[in-house]
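The sequence shown maps to residues 59 to 312 in the numbering used here.
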Amino acid sequence: MPDDKTGPLKPIKWYKDLAAGKERLEAGAFLVEGTRAINQVTGSKPDEIIEILSTGNLSPAYSDYTVRVVTERQLHSISSTKTPQSTIAVVRLPLDIYSDHLPDYTGAKILLLEDIQDPGNVGTLIRSAVAFGFSGVILTEKCADPLSPKCIQSTAGTVLSLWIRRTSHYMELVEKLKLGGYFMVAADLRGEEDTTVLQQQDKLLLALGNEASGLSKSVLNAANYRLKIPIVQEKAESLNVAACGAICMYLSRK
């Protein structure tokens, strides 16, 4: 295992406090737990890892990183899971996540999440977006924080594999994207379009709404198409938003 390169361990409380949004912003860091998720980060943004906490021997793949040895008790107090793995990475927080400005290159497919409050749903949707080739995700301010522990856990480390914006000015970004040639497809229980519309767009903005109330009138009115996924409603009234999103993103593949 590499030697500790930075001297004394920060107070355990510093790491524990990264579970809260305000503290993450102040520290400029968030936590990623488990070697599989950490490997996902090293594969997409290796320079964003600040340090690694571990209770045991690490793979030589981590030899270029600052490694700090902690006890199992310390790791357990830092971790947000009931059965923590032996390794946690401290990752640099990408401040543009909370920006109102789109990146210079937005890509061909973007996901819009409006007021999705469950961090497990948000994390799963981000992971699915990465898996199905989406370039970015726009979240409203009422969405779960994509860097919260449960959300990060659900992303399985993919949170840095695309660009993310979480903002209250999401409708302004929607309008900019539409002016740039994007067609917005809104998933709606009362939609009329079938799923083939997802494959017909060179630039796609896929909108998914709140778990209980769905998409707002503002988003539905701005949408070019309203899509409905056919289900057996006599047996299941609706789909979970993460399942709906995964189906739509898969069907958007050409």
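We put the beta carbon where it would ideally sit given N, CA and C, even for glycine.
Limits of the unbroken alpha helix (DSSP H) element including residue i
i: R82; result: 79 to 85
i: P207; result: 207 to 213
i: D232; result: Looking at the sequence itself, residue 232 is Val, so the reference to Asp does not match. Residues 228 to 237.
i: L297; result: Where L297 is concerned, there is no enclosing alpha helix (DSSP H), given that its DSSP letter is neither H nor E.
Residue i burial status per 10 Å Cβ neighbour count (16 or more: buried)
i: K140; result: exposed
i: N179; result: buried
i: D162; result: exposed
i: V290; result: exposed
i: L153; result: exposed
i: S112; result: buried
i: G239; result: exposed
i: D203; result: buried
i: L237; result: exposed
i: D314; result: Since the displayed the chain opens at 59 and closes at 312, residue 314 lies outside it and no answer follows.
i: S226; result: exposed
Delimiting residues of the beta strand (DSSP E) encompassing residue i
i: Y313; result: The displayed coordinates of the chain run from 59 to 312. Any statement about residue 313 would go beyond what the structure contains.
i: G194; result: 194 to 198
i: I174; result: No beta strand (DSSP E) holds I174; DSSP gives it neither H nor E.
i: T225; result: 221 to 225
i: V243; result: 241 to 245
Distance between beta carbons of residue j and residue i, contact taken as under 8 angstroms
i: S193; j: A214; result: At roughly 18 angstroms, the Cβ-Cβ gap does not stay under 8 angstroms, so S193 and A214 are not in contact.
i: V40; j: A87; result: Limits of the chain in this structure are 59 at one end and 312 at the other, which puts residue 40 out of reach.
i: P207; j: S138; result: 4 angstroms
i: E91; j: Q258; result: At roughly 40 angstroms, the Cβ-Cβ gap does not stay under 8 angstroms, so E91 and Q258 are not in contact.
i: N268; j: Q175; result: 7 angstroms
i: A244; j: A270; result: Incorrect: roughly 16 angstroms between the Cβ atoms, too far for contact.
i: E109; j: Y123; result: 7 angstroms
Identified DSSP bridge partners for residue i
i: R126; result: L111
i: I168; result: G194, L263
i: V348; result: Any property of residue 348 remains undetermined from this structure, which presents the chain solely from 59 to 312.
i: E251; result: L285
Any chain B beta carbon closer than 9 angstroms to residue i
i: I184; result: Protein chain content of the structure displayed is limited to a single chain, and chain B is not contained in it.
Alpha helix (DSSP H) runs contained entirely in the segment 253 to 291, provided each spans 4 or more residues: 275 to 280
Unbroken stretches of the beta strand (DSSP E), 3 residues or longer, contained in the segment 133 to 162: 145 to 150
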